[in-house]
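K.L.:
My questions will all concern the structure given below.
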Amino acid sequence: MTSLTRTLGVAMAGVVVAGGALFGTAVPASAAQCPASASPKTDGAMAHWEQRCVKDGGTNYLIIDGWVEDTRMDGKCAYVTADPYFDSASRTAKACNSGVRQNFHWEFRGEYGADVRLRIS
């Protein structure tokens, strides 16, 4: 290994580590493998969900149960979105108008965790 190759390798490793630290803050606090739960609140919305894994006939399933509630009459809606780790499609629950709560139950085949987020829009 030449000195230049070694130097580039060390520099790239530093970029990867620094990039991971920098971009790691963008990962939702609720990014988790099951079992996991969260009860986030933001100005205008709140939610609660639980993630659990079950096995049925040798197939793993990620199950997410919860609710999302709009807490402000501001013309915006509250959303909870789950992005599973593998190939499953994202799912979103939506609640609009103050006091409206929407329950959700999602099953993802072959998954073991998901990034789940609360947002208003």
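Residue numbers (the working numbering): 4 to 124. A virtual CB, placed ideally from N, CA and C, is assigned to each residue, including glycine.
What would DSSP say about threonine 95, mapped onto helix, strand or coil?
P.N.:
Here the question's residue 95 lines up with position 92 in the sequence shown. Note: threonine 95 maps to strand in three-state DSSP.
K.L.:
How many whole angstroms separate the CB atoms of cysteine 37 and tyrosine 115, which I take to be in contact at a CB cut-off of 8 Å?
P.N.:
As a working note, residue 37 is residue 34 in the sequence shown. As a working note, residue 115 is residue 112 in the sequence shown. The Cβ separation is near 7 Å, so the contact holds.
K.L.:
Taking its Cβ as the centre, do 16 or more other Cβ atoms sit within 10 Å of valine 30, making it buried, or is it exposed?
P.N.:
Stepping through the sequence shown from its first residue, residue 30 is reached at position 27. Because the pLDDT at valine 30 is just 31, under 50, the model does not fix this residue reliably, and the value given afterwards should be weighed accordingly. Looking at its Cβ environment, which holds fewer than 16 other Cβ atoms inside 10 Å, valine 30 is exposed.
K.L.:
Could you check where the beta strand (DSSP E) with asparagine 63 kicks off and where it finishes?
P.N.:
By one-based count along the sequence shown, residue 63 stands at place 60. It spans 62 to 73 - the beta strand (DSSP E) in which asparagine 63 sits, taken as one unbroken run.
K.L.:
Would you say the beta carbon of methionine 76 comes nearer than 6 Å to a heavy atom of the ligand GDP?
P.N.:
No copy of the ligand GDP occurs in the structure displayed, which carries no ligand at all.
K.L.:
Secondary structure at arginine 86, three-state DSSP: helix, strand or coil?
P.N.:
Here the question's residue 86 lines up with position 83 in the sequence shown. Reading off the sequence, residue 86 comes out as aspartate, not arginine. In the structure shown, aspartate 86 sits in a strand (DSSP, three-state: E or B).
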